[in-house]
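Each remark here refers to the structure printed beneath this line.
Below you can see the structure in the form of C-alpha cells.
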C-alpha cells in the first residue's frame, strides 16, 4: 500500500511545475517531521508527567491545609480550577487555527492566545501541571489525581457517546457528582451537580433543552471499571437479532453503536458480538443511535440501522438484515482505490507526453 502510494506520488511529481512541487514537498516534509518527532514528544510528556509528582503533592498539601472534612477538601480542590485564577486553560476558549497529531497520543493545538499540547495517555495525567491546558478529560484526570493525593475516594466518570468526563467523590457514604469545568461559571461551582443535569448538559450542539446520555462508566485509579449509567438516566434493555437477506441467523456479527445525541455519529465505544443464535444485547439510555453491524468475511455483510427511542420503554427488540458490501473491507477497498489512482496517473502522464510530441 505504502509503496503503491509512494510510487504514485513520484510519478505525479515528475510532471508538476516547480511551484506546485515545492508546495507538495513542504507538506511531505511536515509529515516526515511529525513522524520523527512523535517518539520524542511521547517520551517528553511522559518524563515530565512523572517529574511532576512532587509538585502535585506540594500543591494539594497547600490547598487543603485548613480543611478537616472530605467535603471541605473537595470544595477547596475545585477552587483551583476557577477560571479567574488562571491555573488551567479550557480548550473550549481557544480559537483553534490548526492541529498537529503525534501518534494518536499527543495533539498540538495552534491558536489564539496559546499553543496547547494535550496528551491522550491517561498514565501521563500529571503532564497537565506543565501544560495547564485541556478539556473536560484533562480536568477530570487532574482532579482525580489531586483528590486521591488528598486522601479522598474518587473515580472518573466517562460518557464516550456524548463526549464528556467528570468525577465522583465518596462523601459520607454518598457519591457526589463533581464537574470541574463548571467552576467559576455555575452556581453549584462544580460541586454536587445533579446527575440529571448531565443529560441536559450533553444536549450540546443538538440545540434542545433536554439531552440524552447513552451510557456512563466509572474508572477507579486501580483500573476497576463499573457501569453507572443508571445514576444518570433510565436504562433500556436492547436485544438485536442479525440475519442475512435469506433470513438466516448470523453469529459472530460485530455490532457497534454510534450516538447522535450530542454530535453526529459519535463513537460510544460500545460493541458486542452476536451469539450462536444471532442475538446480542446492550443496555442504553434513550436517544438517537446508529447500530453498525458487520461480519469479518473477505466481502463483509454490513448494515447501519438508525433508531430513536425514549427511556419510557424498558425493552427494545429489533432485527438487522445485513447485505454484502466489499467497501467495508478496508484492505480491499484501499487496494482498489490505489489501483484506480495509479491507472489515472499513468493515463495522465501518457496524455502529457503525447501532447508534447
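Numbering (the numbering used here), first residue to last: 1 to 357.
Where is the CB? At the ideal position from N, CA and C, for every residue including glycine.
Predicted model, so just to flag it, every value in this text is computed and none were measured.
{"Query": "The alpha helix (DSSP H) with residue 328 in it runs from where to where?", "Result": "Run containing residue 328: none; DSSP gives neither H nor E here."}
{"Query": "Based on DSSP bridge pairs, tell me the residues matched to residue 283.", "Result": "237"}
{"Query": "Along the chain, where does the beta strand (DSSP E) containing residue 254 start, and where does it finish?", "Result": "254-259"}
{"Query": "In terms of residue numbering, what span does the beta strand (DSSP E) encompassing residue 305 cover?", "Result": "301-309"}
{"Query": "Considering only residues of the same chain and omitting the five flanking positions on each side of residue 260, which have a CB-CB separation below 6 Å?", "Result": "288"}
{"Query": "So for residue 7, helix, strand or coil by DSSP?", "Result": "Because residue 7 sits at a pLDDT of 48, beneath the cut-off of 50, its placement in the model cannot be relied upon, and the point is left open."}
{"Query": "Taking its Cβ as the centre, do 16 or more other Cβ atoms sit within 10 Å of residue 293, making it buried, or is it exposed?", "Result": "buried"}
{"Query": "Touching or not, the segment 123-130 and the segment 139-147, by the rule of three or more beta carbon pairs under 8 Å?", "Result": "yes"}
{"Query": "By Cβ distance below 7 Å, which residues in the same chain neighbour residue 205 in space, the five residues on each side in sequence not counted?", "Result": "Per-residue confidence for residue 205 stands at a pLDDT of 48, beneath the threshold of 50, marking its modelled position as unreliable; the derived number appears in the next sentence. These residues qualify, in order along the chain: 262 and 263."}
{"Query": "Less than 6 Å between C-beta atoms, sequence neighbours within five positions excluded: which residues of the same chain meet that for residue 226?", "Result": "218"}
{"Query": "Taking all protein chains shown into account, decide if residue 166 is buried (16 or more other Cβ within 10 angstroms of its Cβ) or exposed.", "Result": "buried"}
{"Query": "With distances taken between CB atoms, is the gap from residue 221 to residue 149 smaller than 8 Å?", "Result": "no"}
{"Query": "Reducing DSSP to helix, strand and coil, say where residue 298 ends up.", "Result": "coil"}
{"Query": "For residue 346, list the residues DSSP reports as bridge partners.", "Result": "Residue 346 pairs with nothing; no bridge assigned."}
{"Query": "Tell me whether residue 171 sits in a helix, a strand or coil according to DSSP, three-state version.", "Result": "strand"}
{"Query": "Please report the distance separating the alpha-carbon of residue 254 from that of residue 61.", "Result": "48 Å"}
{"Query": "Just how far apart, CA to CA, sit residue 75 and residue 179?", "Result": "11 Å"}
{"Query": "To the nearest angstrom, how far is the alpha carbon of residue 169 from that of residue 267?", "Result": "27 Å"}
{"Query": "Where does residue 216 fall in DSSP's three states?", "Result": "coil"}
{"Query": "List the endpoints of the continuous beta strand (DSSP E) containing residue 122.", "Result": "Per DSSP, residue 122 belongs to no beta strand (DSSP E) and is neither H nor E."}
{"Query": "Return the chain-ordered list of same chain residues with a C-beta closer than 8 Å to the C-beta of residue 53, the five sequence neighbours on each side being excluded.", "Result": "126"}
{"Query": "Could you check what DSSP says for residue 271 in three-state terms: helix, strand or coil?", "Result": "strand"}
{"Query": "Out of curiosity, what's the CA-to-CA distance linking residue 139 and residue 239?", "Result": "36 Å"}
{"Query": "In terms of alpha-carbon separation, which member of 72, 339 and 241 lies closest to residue 319?", "Result": "241"}
{"Query": "Answer with buried or exposed for residue 212, where buried requires no fewer than 16 other C-beta atoms within 10 angstroms of its C-beta.", "Result": "buried"}
{"Query": "For residue 166, list the residues DSSP reports as bridge partners.", "Result": "157"}
{"Query": "Between residue 286 and residue 234, is the Cβ-Cβ spacing less than 8 Å?", "Result": "yes"}
{"Query": "If you reduce the DSSP assignment to three classes, tell me which class residue 205 lands in.", "Result": "Only weak support is given to the placement of residue 205: the predicted model assigns it a pLDDT of 48, under 50, and the value that follows is read from those uncertain coordinates. Helix."}
{"Query": "Per DSSP, what kind of secondary structure is residue 245 in: helix, strand or coil?", "Result": "coil"}
{"Query": "Taking residue 283 and residue 229 to be in contact with their CB atoms under 8 Å, please state how far apart those CB atoms are, rounded to whole angstroms.", "Result": "7 Å"}
{"Query": "Might you give, ordered along the chain, the residues of its own chain that have their beta carbon closer than 6 Å to the beta carbon of residue 297, omitting 5 neighbours on each side?", "Result": "none"}
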